[in-house]
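Enquirer: Under my numbering, think of the first position of the sequence shown as 2, with each following residue one higher.
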Amino acid sequence: EALLKNALGFLGALPRTGDTRQDPTWFARLVERPLHEVEASVGLDVVPELVSQTLDLLEPLRTAVLPLVFEHGDLGHPNLVLCGDGRLGAVDWERAEVYGLPGHDVVFLLQYVAESMRATFERPGQLAAFDAAFTGPGAWSKPWLRRYSTDLGVDEDLLAPLVLAAWARCSAGLVVRASPGPVFGGGDDERLPVIRRHLANAFAPDRDFALWRRAAERFHDILT
Numbered sequence: 002e003a004l005l006k007n008a009l010g011f012l013g014a015l016p017r018t019g020d021t022r023q024d025p026t027w028f029a030r031l032v033e034r035p036l037h038e039v040e041a042s043v044g045l046d047v048v049p050e051l052v053s054q055t056l057d058l059l060e061p062l063r064t065a066v067l068p069l070v071f072e073h074g075d076l077g078h079p080n081l082v083l084c085g086d087g088r089l090g091a092v093d094w095e096r097a098e099v100y101g102l103p104g105h106d107v108v109f110l111l112q113y114v115a116e117s118m119r120a121t122f123e124r125p126g127q128l129a130a131f132d133a134a135f136t137g138p139g140a141w142s143k144p145w146l147r148r149y150s151t152d153l154g155v156d157e158d159l160l161a162p163l164v165l166a167a168w169a170r171c172s173a174g175l176v177v178r179a180s181p182g183p184v185f186g187g188g189d190d191e192r193l194p195v196i197r198r199h200l201a202n203a204f205a206p207d208r209d210f211a212l213w214r215r216a217a218e219r220f221h222d223i224l225t
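1. When you compare each of L153, A203, R63 to L45 by their alpha carbons, which one comes out closest?
2. Answer yes or no: the CB of F109 versus the heavy atoms of the ligand FMN, is any distance below 6 Å?
3. I need the DSSP call for D20, collapsed to helix, strand or coil.
4. Taking the DSSP output, what are the residues bridged to G90?
5. Is the CB-CB distance between P162 and L76 below 7 Å?
6. Going by DSSP in three states, G188 sits in which element: helix, strand or coil?
7. Does the separation of the CB atoms of A134 and L111 fall below 7 Å?
8. Could you tell me the boundaries of the alpha helix (DSSP H) in which V48 lies?
9. Please list, in chain order, all residues of the same chain as G188 whose beta carbon is under 8 Å from its beta carbon, the five residues on each side excluded.
10. Given T136, which residues of its chain have a CB within under 6 Å of its CB, disregarding the five upstream and five downstream residues?
11. Throw me the rounded Cβ distance for the L15 and V70 pair, which I believe falls under 8 Å.
12. Out of G101, F11, V99, R96, point me to the one whose CA is closest to L83's CA.
13. Please confirm if the segment 32–48 is in contact with the segment 192–209, defined as three or more CB-CB distances below 8 Å between the two stretches.
14. Got a sec, what are the start and stop residues for the beta strand (DSSP E) L67 sits in?
15. Among residues of its own chain, excluding the 5 on either side of V52, which ones have a beta-carbon nearer than 8 Å to its beta-carbon?
16. DSSP three-state call for V43: helix, strand or coil?
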């Protein structure tokens, strides 16, 4: 509990950098484009349907009025630091997004806490940790997400889409991190089949990809 209170304080201190009314491209930039890049570049049969389903479920975000926030992007071990004055800090801002989506960091952190509570590093345990934290009437993350959304002025009805968006975006970032070269070269790029196979091998065992699939699968149970 102390860690989560500290974390909400840390996230609350990060700048609000605008809102969606000031950036008409935000949904394409933060959601649509990264997911379509996954669809185009990851050679897994499940991906096209997952992308389509996710975009359908995230449609309420498209027209929502949301704050844009400075986003760390990888707020878990080993990037958390307890400062000398007891406050929480973070290192490794490689995945930072200046005009990011609210909820991304807090969802990532809550999943890290959920896995730590179960001392799990295996996929079944990680998925069970997600279920316990985010799904059903007993979802223990609910009061923390409500507090976070209230502080930012985010409608509670948008929390489930924001949880799904967090894992979809986390997973989509693997396209850039794991690609052996530029994914799109224009025209009939002979490298694309090789890149698609390479990225399929990277995505298939990836934790964030598994959590994206779980969040989509259990979307209607999130924070119910």
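Built from N, CA and C at the ideal position, the CB exists for glycine as well.
Expert: Answer, in terms of the structure:
1. A203
2. As presented, the structure is devoid of all ligands, the ligand FMN included, so that no description of it is given.
3. strand
4. V82
5. no
6. Low local confidence applies: a pLDDT of 49 at G188 is under 50, so the model's placement there is unreliable, and no value is given.
7. yes
8. 48–58
9. Any answer about G188 is weak, because its pLDDT of 49 lies below 50 and its placement is not dependable; what the coordinates show is given next. Closer than 8 Å at the Cβ level, and outside the excluded window around G188, lies no residue.
10. R219, D222, I223
11. 6 Å
12. F11
13. yes
14. Premise fails: L67 is in no beta strand (DSSP E) and is neither H nor E.
15. L36, H37, V39, E40
16. coil
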